[in-house]
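The sequence shown runs 6 to 208 under my numbering. Below you'll find the structure, written out as structure tokens, and then a few comments.
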Amino acid sequence: MSGSNLNETELKLYVEDLASVETRLQELGAQLSAPRVYERNVRYDDAAGRLTREAITLRLRQDTRARLTYKDGERQIGDLGTSRFEAEVEISDFETMHIILEKLGFAPSLVYEKYRTTYELGDAEITLDEMPYGRFIEIEGTPDAIRLTLAALALASPMRMHHSYAVLFAWVKANLNLPFRDLTFENFDGIDVPLSAFTPPSR
């Protein structure tokens with residue numbers, strides 16, 4: 006097992022065309038650190054819904070490896086993204102960890118899928134995320150590294166998202182009156198999601 010503990014700072018951007026961004030990254034000499042891979046994520050909560058209520062993330066992720074992640078509910082939001090504490094550990098068995106979490110009183114509250122391609126440019130990590138409801142870029146690094154990456158990619162205009170994919174999904178579900186629980190490609194097959202759906206629903 007290997008693990009990490011840090012304050013994560015990342016900026017999420019909604020984009021229409023990931024291919025042009027990837028082409029620009031390649032022109033800039035960015036290094037492909039992880040080719041396109043399918044990700045399955047399971048978020049957990051207790052019976053009282055405390056983690057969701059406090060915006061705490063407890064997540065199992067499976068792609069080319071399995072990881073357990075905790076993210077603090079407290080976050081700082083600025084022009085260059087959000088920052089909050091994250092602790093992550095690689096595990097050897099996804100299903101066994103799922104059983105352990107259930108024995109501790111946690112149950113899946115959300116399953117979400119994505120295809121992710123990861124590049125490194127300077128001191129920043131850039132991920133190209135194909136989500137069931139749209140296309141996004143995440144830039145992770147120091148504020149200076151994020152600022153330099155934005156300038157290099159000429160990404161001043163795309164809409165900045167200061168919330169997690171789970172929160173954005175909750176907004177999309179409410180705005181489009183969607184009945185399902187999970188953020189999967191199957192559930193979103195044939196559904197058009199306008200940019201306006203990624204905003205807090207009117208009360």
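Just so you know, even glycine gets a beta-carbon here, dropped at the ideal spot from N, CA and C.
Inset, instruction - With DSSP collapsed to three states, give me the class of S25. - result: helix
Legend entry - Straight-line gap, L115 to P205 (C-alpha atoms, nearest Å): 19 Å
Inset, instruction - Please classify L109: is it buried, with 16 or more other beta-carbons within 10 angstroms of its beta-carbon, or exposed? - result: L109 is exposed by the Cβ-count criterion.
Inset, instruction - Answer with buried or exposed for I142, where buried requires no fewer than 16 other C-beta atoms within 10 angstroms of its C-beta. - result: buried
Legend entry - Sub-9 Å separation of G68 and E91 beta-carbons: In the sequence on display, residue 68 carries Asp and not Gly. Cβ distance not < 9 Å, so D68 and E91 don't count as in contact.
Inset, instruction - Within its chain, find whatever has a CB closer than 6 Å to the CB of T62; leave out the 5 residues flanking it on each side and keep chain order. - result: K76
Legend entry - Secondary structure of N192, DSSP reduced to three states: coil
Legend entry - Rounded Cβ spacing between L126 and L30 (contact assumed at less than 8 Å): Confirmed, about 6 Å.
Inset, instruction - Would you check if the distance between the CB atom of G86 and the CB atom of I131 is smaller than 9 Å? - result: No, they are not a contact pair.
Inset, instruction - Determine, using beta carbons only, whether M136 and Y117 come nearer to each other than 9 Å. - result: yes
Inset, instruction - Taking the CB atoms as reference points, tell me whether Y120 and L173 lie closer together than 9 Å. - result: no
Legend entry - alpha helix (DSSP H) segment containing T57, residue limits: It spans 55 to 58 - the alpha helix (DSSP H) in which T57 sits, taken as one unbroken run.
Legend entry - Secondary structure of Y19, DSSP reduced to three states: strand
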